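Below is one structure, written out as structure tokens; the observations come after it.
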Amino acid sequence: MPIYIIIISLILLSGLFSGLTLGLLGLDVAELKRKMSLGNKDAEKVYHIRKRGNLLLCTLLLGNVWVNSTLAIFLGSMASGAMAGIIATGLIVIFGEIIPQAAFSRYALQVGAKTAGLVRFFIIILFPVCWPIAWVLDKVLGREMPQVYSKKELIKIIEEHEDAQESGIDADEERIVTGALTYSEKIVEDVMTPRKGVYALDSATSITEEIIEEIKIKGFTRIPVYTGSVDQTLGVLYVKDLLNIPLGTAIQDVFKKERMLQVSREMKLDTLLAQFIQTQIHLAVVKDIRNRLEGVISLEDIIEVILNQDINDETDVSEVIS
Numbered sequence: 003m004p005i006y007i008i009i010i011s012l013i014l015l016s017g018l019f020s021g022l023t024l025g026l027l028g029l030d031v032a033e034l035k036r037k038m039s040l041g042n043k044d045a046e047k048v049y050h051i052r053k054r055g056n057l058l059l060c061t062l063l064l065g066n067v068w069v070n071s072t073l074a075i076f077l078g079s080m081a082s083g084a085m086a087g088i089i090a091t092g093l094i095v096i097f098g099e100i101i102p103q104a105a106f107s108r109y110a111l112q113v114g115a116k117t118a119g120l121v122r123f124f125i126i127i128l129f130p131v132c133w134p135i136a137w138v139l140d141k142v143l144g145r146e147m148p149q150v151y152s153k154k155e156l157i158k159i160i161e162e163h164e165d166a167q168e169s170g171i172d173a174d175e176e177r178i179v180t181g182a183l184t185y186s187e188k189i190v191e192d193v194m195t196p197r198k199g200v201y202a203l204d205s206a207t208s209i210t211e212e213i214i215e216e217i218k219i220k221g222f223t224r225i226p227v228y229t230g231s232v233d234q235t236l237g238v239l240y241v242k243d244l245l246n247i248p249l250g251t252a253i254q255d256v257f258k259k260e261r262m263l264q265v266s267r268e269m270k271l272d273t274l275l276a277q278f279i280q281t282q283i284h285l286a287v288v289k290d291i292r293n294r295l296e297g298v299i300s301l302e303d304i305i306e307v308i309l310n311q312d313i314n315d316e317t318d319v320s321e322v323i324s
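Taking the working numbering, I'd label the letters of the sequence shown as residues 3 to 324.
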């Protein structure tokens, strides 16, 4: 075989080893596994050689050293020592390092999938030498840990995806995901309607046109009912239950004497949401240590935080009691 063909082959192999070292080891194992579970065939091919990172690293580096050493020997047979060193260095740096690493860093998954069979071949050939080294690295350094993102990092990633032209994430999806990731950091006090803003009715109150008009203006679909003092809540008046109820009827004859959750202002929203779901109760009163009402919070309030958008019940209320 002509020596120049051998040299060209060695340069190509050097570039392959160098590019794959940067490209494959730059791929996150957890991300490959995630893409593989979604049916990405390229990720499936690469995952099986990438999951043993230290073995892959040893194989690619040892292969690259062997190729570069062999290339220097062949060039030395064609030119003087100094000239051979200059030529070898130039060829390796340009065609064996810079160009392949620039290309493979951009198309690591695609190139890795196409060369997976060849890489597996070198892993088998160099296994007797590389496996002991990889085993020691696994014991000393440990296996690779998957990349784990904080909530702030996930939110930033979602924002970047939404801003990208080719992204399938729109502004509404970004808003909802951001709300879902941050609502658990809020407490009841951040969201509740404080005592002075709570609209509640005494159970002894009779339904009048003025009361109906007040309910329309407030726009609430669920209204706490108390006896004597707003601190003594009895249950909930559902506005829909006022349909066809004659004027003059007492609130105590209409409202439902159902339990409302009693929570503290320091409770986390995700904890309260879990209680709402578990109990199927959608309204909670916020009490202090002396059992005095501090405010009211509903399931709808938490959903508004998650959606980052107000939900207006006023239209529904008007339709029911108009």
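In this text, a Cβ means the ideal position worked out from N, Cα and C, and glycines have one as well.
All values derive from a computational prediction rather than experimental measurement.
Buried versus exposed call for residue i [16 or more other C-beta atoms within 10 Å across all chains shown]
| i | result |
| --- | --- |
| Tyr228 | buried |
| Asn70 | buried |
| Pro196 | exposed |
| Gly98 | buried |
| Asp318 | In this prediction, Asp318 has a pLDDT of 49, which is less than 50 and means its spatial position is unreliable; what the coordinates show is noted afterwards. Per the 10 Å Cβ criterion, exposed. |
| Lys37 | buried |
| Ser39 | exposed |
| Thr23 | buried |
| Ile299 | buried |
| Ser152 | exposed |
| Glu316 | Confidence in Glu316 is poor, its pLDDT being 47 and thus under 50, which makes the residue's placement unreliable; the coordinate value appears in the next sentence. Exposed, since its Cβ has fewer than 16 Cβ neighbours within 10 Å. |
| Lys93 | In the sequence under discussion, the amino acid at residue 93 is Leu, which differs from the Lys named in the question. That one is buried. |
| Thr235 | buried |
| Pro102 | buried |
| Thr223 | buried |
| Tyr185 | buried |
| Phe19 | buried |
| Leu244 | buried |
| Val138 | exposed |
| Gly55 | buried |
| Ile217 | buried |
| Val142 | exposed |
| Val200 | buried |
Sub-7 angstroms separation of residue i and residue j beta-carbons
| i | j | result |
| --- | --- | --- |
| Gly237 | Lys258 | yes |
| Arg122 | Ile51 | yes |
| Ile247 | Val256 | yes |
| Val193 | Val265 | no |
| Val136 | Leu27 | For clarity, residue 136 is Ala in the given sequence; the question names Val instead. No; because the gap between Cβ atoms is not below 7 angstroms, this pair is not in contact. |
| Phe106 | Val113 | yes |
| Gln282 | Ser205 | no |
| Glu296 | Arg267 | yes |
| Leu12 | Thr61 | no |
| Leu309 | His284 | no |
| Gly181 | Phe124 | no |
| Asp208 | Gly250 | As written in the sequence, residue 208 is Ser, which differs from the Asp given in the question. Going by C-beta atoms, Ser208 is nearer than 7 angstroms to Gly250. |
| Val232 | Ala202 | yes |
| Glu146 | Val31 | yes |
| Leu263 | Ile304 | no |
| Ile159 | Leu183 | no |
| Gly25 | Ala104 | no |
| Tyr49 | Leu34 | yes |
| Ile225 | Leu239 | yes |
| Ile127 | Phe76 | no |
| Ser187 | Glu176 | One detail in the question is off: residue 187 reads as Glu in this sequence, not Ser. Contact: no. |
| Ala74 | Ala90 | yes |
Limits of the unbroken beta strand (DSSP E) element including residue i
| i | result |
| --- | --- |
| Tyr228 | Arg224 to Thr229 |
| Gly78 | No beta strand (DSSP E) holds Gly78; the alpha helix (DSSP H) holding it covers Gly55 to Gly78. |
| Ile96 | Careful: Ile96 lies outside any beta strand (DSSP E) and carries neither H nor E. |
| Glu215 | Run containing Glu215: none in the beta strand (DSSP E); it sits in the alpha helix (DSSP H), Glu211 to Lys220. |
| Glu296 | Leu295 to Ser300 |
Run of the alpha helix (DSSP H) containing residue i, from where it starts to where it stops
| i | result |
| --- | --- |
| Ile313 | First-last for Ile313: undefined, no H or E at that position. |
| Val1 | Outside the modelled stretch of the chain, which goes from 3 to 324, sits residue 1, for which no answer is possible. |
Minimum Cβ-Cβ distance from residue i to chain D less than 7 angstroms
| i | result |
| --- | --- |
| Gly119 | The chain inventory of the structure shown lacks chain D, comprising one protein chain alone. |
* Asked: Residue ranges of each beta strand (DSSP E) run of no fewer than 3 residues wholly in the region 238 to 290, ordered along the chain?
  -> Those beta strand (DSSP E) runs which fall completely within the region 238 to 290 and span 3+ residues are 263 to 265 and 285 to 289.
* Asked: How do the region 41 to 60 and the region 107 to 121 stand: do at least 3 beta-carbon pairs fall below 8 angstroms, yes or no?
  -> yes
* Asked: At what residue ranges does the region 109 to 175 contain a whole run of the alpha helix (DSSP H), taking only runs of 4 or more?
  -> 110 to 116, 118 to 143 and 153 to 165
* **Segments assigned alpha helix (DSSP H), at least 4 residues, entirely inside the region 6 to 45** => 31 to 39
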